[in-house]
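Asker:
Protein chains in written order, with the working numbering: chain A, 1 to 148; chain B, 149 to 296; chain C, 297 to 444; chain D, 445 to 592.
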């Protein structure tokens, strides 16, 4: 399976810790940033506010990762984004975080995000259907994968 | 001059960087957290939302610091908060960040915050007078300082 | 089962994001900080450097969490630490992150850490047995749980 | 005066706070990252470890900023890097942080960094002369500025 999206970045100094490596919690930000970049590539944003003050977001209800090898300051990083499954309002993402040098797999991760809306003046968030553009992009990618 | 407030904390691992010390940008968070703790000690919050959706905050318009000595993982830290001057809507703060062990001064800082409000449904922030409770606490402290 | 350790903290402003809640990656720092505080309560540190330049740490090889409810600025937070299992060099931790107000469970998490050493001048980390003090503290807690 | 270097980035979601804008301490990371990118453009790194275990870094002894306008999630950001003055071992940097849309100046900053070395096995850092490559790049840029 090929990634539905790929995102590159460089390890910043402030992302490292006293052990000389990227702090594990930072890896979750790498995955989140890649997911957001995928949205932008579709002309979408994960965080939008309507003119009427309504708000749509994609909060995470689950995140997990296995850490296989360390990343260090100024390493070039590639984050591969996969969509494991789509529900009515939720997406199950899978990620691979690689050090570009040596094509070294450093972390594997998974998150579940839920498309959520808050009406104007309201406090409660409720789940809403995924944007059509996201569902169709994932379907197109799956179809291209299936071709011989 | 004695501090108007003191705030203690412990250096967390994720606050350190590859040089084995607390990252300099984190020191600004230490100062901000101490300022916020001072507000709480007065029964105030730096970030409040009214029932009508209005919002009051204290954004920083200036921040500076001199870094004198490093802090490391698990160091106990004391942040001393001073008020240099009060305007109608702004506060000029001064901070000293010390390592408790050896009473070592590690950083001196200064910030300027402005009391700001956004009306319901509005986008623009405008400066508003400081809360009375803050002004009176600072005046009380100054008076106690002046006593022989 | 009762927690082997409990750790309290307050949500800092810089830990929140544009959605008005604590950013999910920050929750992993809350769990890590609680684990480190447990180590300190035993007179241990997760990150020690020997006089000979050797280094012992507890890197994470796995981390996961389910996010159930949001935390906001100035919420008081309780992190409950559990030990699911101890290997020769690894610990499987379980965490509950609660908002103190209303005793609301906001996140459940799990991490696996491995006790690791790097010899003087060496680059490679190798796993080493857990500190006795940790194993005995966990055994004592389990025994106290088993008592009628 | 033109910038000696320019660095572009996009505001990540995790860099924003509950006020809906990039947290002020994050702006200092933007400036630091731009400085590091300038070093890389010269074939240098701000953080290097010798084969003999010696270490050279550029810790900050001063940082300040004025915050003029907010940055928000997914804003494109341009950081302009200027060198105000070069000492034997220190650099005084100046920065402008702009929102690309509207070419809006959002922050002005200044930092002072000191080239520092720690010998193998030593604990103390001492200041050492700046790398020739840095001094010559700054001189070349100044000369090109001076040309009519």
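Ideal Cβ placement from N, Cα and C applies to all residues, glycine included. Since this is a predicted model, take the numbers as computed values, not measurements.
Relative to chain D, which residues along the region 314–341 of chain C have a C-beta separation below 7 Å, given in chain order?
Answerer: Listed in sequence order: 314, 316, 319, 321.
Asker: Assuming contact is defined by CB atoms lying nearer than 7 Å, are residue 525 of chain D and residue 482 of chain D in contact in what I supplied?
Answerer: Yes, these two residues count as a Cβ contact at 7 Å.
Asker: When DSSP labels each residue in this structure, what does residue 455 of chain D get in the three-state scheme?
Answerer: Correct three-state label for residue 455 of chain D: coil.
Asker: Is residue 400 of chain C near the ligand GDP, in the sense that its beta carbon is under 6 Å from a heavy atom of that ligand?
Answerer: The ligand content of the structure shown is nil, which means the ligand GDP is not present either.
Asker: From the DSSP output, in three-state form, read off residue 184 of chain B for me.
Answerer: Helix, per DSSP.
Asker: Which of the three DSSP states, helix, strand or coil, is assigned to residue 467 of chain D?
Answerer: Note: residue 467 of chain D maps to coil in three-state DSSP.
Asker: My understanding is that residue 109 of chain A touches residue 144 of chain A, with C-beta atoms under 8 Å, so please give their C-beta distance in whole angstroms.
Answerer: In fact, because the Cβ distance is near 24 Å, the residues do not count as touching under 8 Å.
Asker: Considering only DSSP beta bridges, list what residue 510 of chain D is partnered with.
Answerer: Residue 510 of chain D is bridged to B:210, D:552.
Asker: With the cut-off set at 7 Å, would you say residue 113 of chain A and residue 127 of chain A are in Cβ contact?
Answerer: Result no, Cβ atoms of residue 113 of chain A and residue 127 of chain A do not sit closer than 7 Å.
Asker: From the DSSP output, read off the bridge partner residues of residue 261 of chain B.
Answerer: Residue 261 of chain B pairs with B:208, B:239.
Asker: Comparing alpha-carbon positions, which option in B:171, B:285, B:210 lies nearest residue 163 of chain B?
Answerer: Measuring from the Cα of residue 163 of chain B, the nearest candidate turns out to be B:171.
Asker: On the DSSP bridge assignment, give the partners of residue 562 of chain D in chain order.
Answerer: Residue 562 of chain D pairs with D:499.
Asker: Can you tell me which of B:282, B:250, B:222 puts its alpha carbon nearest to the alpha carbon of residue 336 of chain C?
Answerer: Among B:282, B:250, B:222, the Cα nearest to that of residue 336 of chain C is on B:222.
Asker: Rounded to a whole number of angstroms, what is the C-alpha to C-alpha distance between residue 84 of chain A and residue 4 of chain A?
Answerer: Distance between the alpha carbons of residue 84 of chain A and residue 4 of chain A is about 10 Å.
Asker: Just the Cα atoms here: how many angstroms apart are residue 225 of chain B and residue 178 of chain B?
Answerer: If you take the alpha carbons of residue 225 of chain B and residue 178 of chain B, they lie about 9 Å apart.
Asker: In the structure shown, what three-state DSSP assignment does residue 153 of chain B receive?
Answerer: Strand at residue 153 of chain B.
Asker: Against residue 458 of chain D, what residues of chain C qualify as contacts under a CB-to-CB distance less than 7 Å, listed in chain order?
Answerer: Within 7 Å Cβ-Cβ: 313, 319, 321.
Asker: Taking the beta strand (DSSP E) that residue 80 of chain A belongs to, which residues open and close that run?
Answerer: Note, residue 80 of chain A: beta strand (DSSP E), 76–86.
Asker: What are the boundary residues of the alpha helix (DSSP H) that residue 428 of chain C is part of?
Answerer: Element bounds for residue 428 of chain C: 428–442.
Asker: Leaving out five residues before and five after residue 382 of chain C in sequence, what residues of the same chain have Cβ atoms less than 7 Å from its Cβ?
Answerer: The answer, listed in chain order, is 426, 431, 434.
Asker: Verify whether the separation of the beta carbon atoms of residue 504 of chain D and residue 555 of chain D is less than 7 Å.
Answerer: For residue 504 of chain D and residue 555 of chain D, yes; Cβs fall inside 7 Å.
Asker: Between B:281, B:155, B:176, which has its C-alpha nearest residue 214 of chain B's C-alpha?
Answerer: Residue B:176 is the option with its Cα nearest to residue 214 of chain B.
Asker: On a CA-only basis, which of D:495, D:502, D:464 is nearest residue 536 of chain D? Give me that one, please.
Answerer: Among D:495, D:502, D:464, the Cα nearest to that of residue 536 of chain D is on D:502.
Asker: Flag this pair as yes or no: are the beta carbons of residue 577 of chain D and residue 488 of chain D separated by less than 7 Å?
Answerer: Yes; because the gap between Cβ atoms is below 7 Å, this pair is in contact.
Asker: Could you have a look at residue 368 of chain C and say whether DSSP puts it in helix, strand or coil?
Answerer: Coil at residue 368 of chain C, not helix or strand.
Asker: What are the residues in the region 114–144 of chain A lying within 8 Å of chain C by C-beta distance?
Answerer: Within the region 114–144 of chain A, no residue has a Cβ that lies closer than 8 Å to any Cβ of chain C.
Asker: From residue 308 of chain C to residue 512 of chain D, what does the alpha carbon distance come to, in whole angstroms?
Answerer: For residue 308 of chain C and residue 512 of chain D, the distance between alpha carbons rounds to 23 Å.
Asker: Expressed to the nearest angstrom, what Euclidean distance is found between the alpha-carbon atoms of residue 8 of chain A and residue 20 of chain A?
Answerer: Answer to the nearest angstrom: the Cα atoms are 21 Å apart.
Asker: Is any beta-carbon of chain D found at less than 7 Å from that of residue 255 of chain B?
Answerer: No, its Cβ sits nowhere closer than 7 Å to a Cβ of chain D.
Asker: Can you give me the start and stop residues for the beta strand (DSSP E) that residue 196 of chain B sits inside?
Answerer: Unbroken beta strand (DSSP E) run through residue 196 of chain B: 195–197.
Asker: Is the separation between the beta-carbon of residue 330 of chain C and that of residue 375 of chain C shorter than 7 Å?
Answerer: Result yes, Cβ atoms of residue 330 of chain C and residue 375 of chain C sit closer than 7 Å.
Asker: Looking at chain A, is there any beta carbon in it that lies within less than 7 Å of the beta carbon of residue 221 of chain B?
Answerer: Answer yes: the Cβ-Cβ gap between residue 221 of chain B and chain A drops below 7 Å somewhere.
Asker: Can you tell me whether residue 272 of chain B is buried or exposed? The criterion is at least 16 other CB atoms within 10 Å of its CB, across all chains shown.
Answerer: By the neighbour-count rule (16 or more Cβ atoms within 10 Å), residue 272 of chain B is not buried but exposed.
Asker: With H, G and I counted as helix, E and B as strand and the rest as coil, what does DSSP make of residue 166 of chain B?
Answerer: Coil.
Asker: Suppose you measure from the CA of residue 251 of chain B to the CA of residue 242 of chain B; what does that come to, to the nearest Å?
Answerer: In a straight line, the C-alpha of residue 251 of chain B is about 18 Å away from that of residue 242 of chain B.
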